[in-house]
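Peer 1:
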Amino acid sequence: MDSKTIFSFLHDHFLFKFLSDEELGQLLPLFNPIALEEGEILYRTGFPGRNFFLVVSGKMLIEDENQNGVIINSRGHFGDRELHREGVRKETATALESTTLLAVNKRGYIAILSAYPSIRTRLSALRLSANILQRNAFPWIGSEEIIRFIDRKHINVLYGQLLLPALFLILTAIGAILLHLNLGIFMVITVLISIVWGVWLWMDWRNDFYLVTSERAAWVEKVIWLHDQRREVPLQSILSVNISTNQMQRIFGYGDVIIRTYTGNIPMRNTSHPEVLLDLISEAQEIAKSRAKQTDKDNINQAIRSRLGLSGETGPMAEEEEYTDLNMEGGPQLTESITPLQEFLNMFRARYELNGVITYRKHIFVLFKNSWWLWLFFVILLVSFFARLVQLIPIPSLSLLGILLTVNVLALAYAFADWANDRFQITDKLVIDLDRKPFGRETKRSALLENILSLDYSRENIIQRLFDFGTVAINVGDIQLDFENVAQPISVQNEVFEHYNAAIKDNELAESRRRRDDMVEFLAAYHEESNDEIEPLDDDETIQL
25 MDSKTIFSFL HDHFLFKFLS DEELGQLLPL FNPIALEEGE ILYRTGFPGR
75 NFFLVVSGKM LIEDENQNGV IINSRGHFGD RELHREGVRK ETATALESTT
125 LLAVNKRGYI AILSAYPSIR TRLSALRLSA NILQRNAFPW IGSEEIIRFI
175 DRKHINVLYG QLLLPALFLI LTAIGAILLH LNLGIFMVIT VLISIVWGVW
225 LWMDWRNDFY LVTSERAAWV EKVIWLHDQR REVPLQSILS VNISTNQMQR
275 IFGYGDVIIR TYTGNIPMRN TSHPEVLLDL ISEAQEIAKS RAKQTDKDNI
325 NQAIRSRLGL SGETGPMAEE EEYTDLNMEG GPQLTESITP LQEFLNMFRA
375 RYELNGVITY RKHIFVLFKN SWWLWLFFVI LLVSFFARLV QLIPIPSLSL
425 LGILLTVNVL ALAYAFADWA NDRFQITDKL VIDLDRKPFG RETKRSALLE
475 NILSLDYSRE NIIQRLFDFG TVAINVGDIQ LDFENVAQPI SVQNEVFEHY
525 NAAIKDNELA ESRRRRDDMV EFLAAYHEES NDEIEPLDDD ETIQL
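Be aware that the sequence shown starts at 25, since it is given in our numbering, and climbs by one per residue.
(1) Note the first and the last residue of the continuous beta strand (DSSP E) segment covering HIS5.
(2) Tell me, to the nearest whole angstrom, how far the beta carbon of PHE173 is from that of VAL236; I am working on the premise that it is less than 8 Å.
(3) Quick one: what's ILE86 bridged to in DSSP?
(4) Going along the chain, which unbroken runs of the alpha helix (DSSP H) with 4 or more residues stay wholly within the region 118-145?
(5) Since LYS83 and ILE96 should fall inside the 8 Å C-beta cutoff, what is the C-beta to C-beta distance between them, to a whole number of angstroms?
(6) By the 10 Å Cβ neighbour count, where 16 or more other Cβ atoms means buried, how is THR295 classified, buried or exposed?
(7) Can you list, in chain order, the residues of its chain whose CB lies under 6 Å from that of ASN518, leaving out five sequence neighbours each side?
(8) Taking only the alpha-carbon atoms, compute the straight-line gap between SER27 and LEU34 and give it to the nearest angstrom.
(9) Note down the Cα distance separating LEU191 from MET272, rounded to an integer number of angstroms.
(10) Assuming HIS101 contacts VAL79 (C-beta within less than 8 Å), just tell me the rounded distance between them.
(11) Please report the Cβ distance between GLY277 and SER268, rounded to the nearest whole angstrom; I am assuming they are in contact, meaning their Cβ atoms lie under 8 Å.
(12) Within the continuous alpha helix (DSSP H) that includes MET272, where are the two ends?
(13) Please list, in chain order, all residues of the same chain as ASP175 whose beta carbon is under 6 Å from its beta carbon, the five residues on each side excluded.
(14) Near PRO418, which residues of its chain fall below 7 Å by C-beta distance, leaving aside the five closest residues on each side in sequence?
(15) Counting only the same chain and skipping the five closest in sequence on each side, list residues whose C-beta sits under 7 Å from that of SER395.
(16) Beta carbon of ALA497, beta carbon of GLN504: below 7 Å?
(17) Would you call the region 383-398 and the region 444-460 in contact, with 3 or more CB pairs under 8 Å?
(18) DSSP on PRO291, reduced to helix/strand/coil?
(19) Starting from GLN504, trace the beta strand (DSSP E) in both directions and tell me its first and last residue.
(20) Skipping 5 residues on each side, what residues in its chain have a beta carbon closer than 8 Å to that of PRO53?
(21) Considering just the uninterrupted stretch of the beta strand (DSSP E) at LYS246, what are its terminal residues?
(22) Please say whether GLY494 and SER482 have beta carbons closer to each other than 7 Å?
(23) Just the C-alpha distance for PHE38 and ILE143, rounded to the nearest angstrom, thanks.
(24) Would you give the residue range spanned by the alpha helix (DSSP H) that VAL212 belongs to?
(25) Between ILE382 and the rest of its own chain, which residues show a CB-CB distance below 6 Å, the 5 nearest in sequence each way excluded?
(26) Are the beta-carbon atoms of PHE76 and ASP104 separated by less than 7 Å?
(27) Judging by CA-CA distance, which residue of PRO189, ALA197, PRO258 and GLU474 is the nearest neighbour of TRP224?
(28) Let's test the definition: count the other Cβ atoms within 10 Å of the Cβ of TYR183 and tell me whether it reaches 16, buried, or not, exposed.
(29) For LEU350, which residues in the same chain have their Cβ closer than 6 Å to its Cβ, ignoring the five residues on either side in sequence?
(30) Looking only at its chain, what residues have a beta carbon closer than 8 Å to the beta carbon of ALA135, apart from the 5 residues adjacent to it on each side?
(31) HIS204 by DSSP, collapsed to three states: which one?
(32) Output the distance between the C-alpha atoms of ILE11 and TYR376, rounded to the nearest integer angstrom.
(33) Beta strand (DSSP E) containing LEU365: first to last residue?
(34) Could you tell me if ALA548 is buried or exposed, where buried requires 16 or more neighbouring beta carbons within 10 angstroms of its beta carbon?
(35) Quick one: give me the first and last residue of the beta strand (DSSP E) that ALA161 is part of.
(36) So what does SER478 bridge to, in DSSP terms?
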């Protein structure tokens with residue numbers, strides 16, 4: 025790894041990208057490249073901490089004695105904790121694949137932090153991010169998705185909110201004195217209320233996160249016992265990222281990060297490290313574009329070598345996959361069929377999948393909310409009918425009760441059909457919102473998965489939190505599809521995002537294949553023309569000058 029490659033890597037790395045070329049040039053001698061093969065151990069538990077490492081390419085597994093590990097990917101870093109406290113390594117570092125590192129010894133590391141405090145600030149932000157990740161679960165993150173940074177609202181936001189219980193405590197104490205109340209008992213109750221209020225505000229502050237991953241930027245908000253939501257935007261849909269601050273925010277070093285998309289702005293308010301958040305969003309976008317470009321380039325190179333019969337290994341994209349013919353007599357069928365009983369049972373399921381189409385219904389609580397009074401009326405009528413049948417009550421007549429029961433059952437059937445006919449679907453290409461009134465109008469709204477610009481979900485009140493249902497909002501250009509009151513909205517949002525990613529990758533693959541085929545045909549034609557033998561001219565055809 026030469027100096028030019030090291031310089032290029034540091035120039036694009038968010039820890040150093042704010043440095044000038046001259047400043048980067050002065051740091052180059054401090055970085056030493058290290059190459060590791062798959063399975064090779066860099067250091068073990070108990071080794072003295074002597075170096076700080078940057079991952080240029082490959083993956084490293086940092087694992088403690090209890091086999092709790094974290095994977096460090098390209099552009100990640102590790103090894104800095106022990107340099108701050110003269111400690112020994114508490115983990116073992118192992119290469120998961122062929123990996124290239126840049127190492128800086130402790131003396132050089134301390135010199136860099138002393139010369140550039142901004143790097144110290146950024147490393148502190150990343151350590152805080154790692155601590156948050158270790159203490160919190162984010163089950164909606166995909167298996168191959170990499171969390172690059174997690175941030176919280178600045179601590180000043182919490183301090184400002186804690187003024188409310190403090191003010192409540194002071195004002196109630198003054199009120200108790202003025203009203204000559206039993207100050208001891210009153211103050212105990214007031215202090216307990218203030219403490220509970222303060223703890224609730226602290227927990228609420230700790231549950232708000234801003235995330236940057238390899239695929240999206242997200243804002244997670246949870247109001248304890250009341251409300252939670254997640255707003256996210258795919259990296260491909262981000263138009264620009266800006267920082268906005270007021271005077272107070274500038275004094276204490278925090279601010280708002282505004283993500284602009286086609287559908288509007290997604291504000292990340294009062295982030296503790298706005299510059300780090302902005303730079304990592306930009307870096308994640310650059311990495312995604314760079315990987316797609318490199319994959320496209322590799323596929324074209326492999327296809328060209330295969331088409332021209334040149335030597336070299338053939339990659340997985342160089343040949344088109346051969347599919348097995350369907351055996352229509354005994355093999356798999358094109359569509360899946362279900363029995364009437366299964367179709368009936370599907371009407372009660374919050375989610376089911378058929379022929380590759382995922383269908384969601386509104387939560388059963390919505391049906392209960394819209395028809396509880398009909399059920400109450402049904403019970404009253406049924407009890408009255410049997411009471412009249414055994415002559416416990418003189419009125420009304422059995423015929424009237426029978427008519428009312430029939431009407432009530434029909435009303436219940438209508439309410440059930442109205443609930444069951446509202447469906448939300450995800451196919452391999454579309455998201456669909458189906459609304460149909462029994463014996464009435466049917467409305468179908470759909471959008472291409474690839475056109476999704478942002479995804480939000482929300483659970484607005486304690487009822488939705490208790491029964492785990494809410495609304496997933498899908499923003500597509502100038503319209504919005506709402507999957508209203510679906511069960512487990514977090515899972516629904518995840519499935520929409522997974523299908524969006526699959527659609528984007530399929531489109532990129534198709535476009536890559538088209539460009540590859542065009543390039544291969546052009547070069548093949550050129551290669552054939554270049555290899556044609558040109559016959560020499562006869563003597564009598566020689567041009568006389």
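Cβ atoms here follow ideal geometry from the backbone N, Cα and C, with glycine treated the same way.
The model shown is predicted, which means the values in this text are computed figures rather than measured ones.
Peer 2: For this structure:
(1) Any property of residue 5 remains undetermined from this structure, which presents the chain solely from 25 to 569.
(2) Between the beta-carbon of PHE173 and that of VAL236 there is about 5 Å, and that keeps the pair under the 8 Å contact cut.
(3) Among the bridge pairs identified by DSSP, ILE86 is matched with VAL94 and ALA117.
(4) 130-139
(5) Yes, they are in contact, since the Cβ atoms of LYS83 and ILE96 sit about 7 Å apart, within 8 Å.
(6) buried
(7) TRP164
(8) 10 Å
(9) CA-CA distance, LEU191 to MET272, rounds to 21 Å.
(10) 7 Å
(11) Not quite, the Cβ-Cβ distance comes to about 14 Å (not below 8 Å), so this is no contact.
(12) 271-276
(13) TYR234, THR295, SER296, HIS297 and LEU301
(14) none
(15) LEU436 and ALA439
(16) yes
(17) yes
(18) strand
(19) 503-511
(20) None.
(21) Residues 240-247.
(22) yes
(23) 9 Å
(24) 207-230 is the extent of the alpha helix (DSSP H) around VAL212.
(25) ILE450
(26) yes
(27) PRO189
(28) With fewer than 16 other Cβ atoms inside 10 Å of its own Cβ, TYR183 counts as exposed.
(29) Because the pLDDT at LEU350 is just 38, under 50, the model does not fix this residue reliably, and the point stays unresolved.
(30) Hits under 8 Å: LEU54.
(31) coil
(32) With the chain covering 25 to 569 only, the question about residue 11 has no answer from this structure.
(33) If you look at LEU365, you'll find it isn't in any beta strand (DSSP E); it sits in the alpha helix (DSSP H) that goes 364-370.
(34) exposed
(35) Per DSSP, ALA161 belongs to no beta strand (DSSP E) and is neither H nor E.
(36) ASN499
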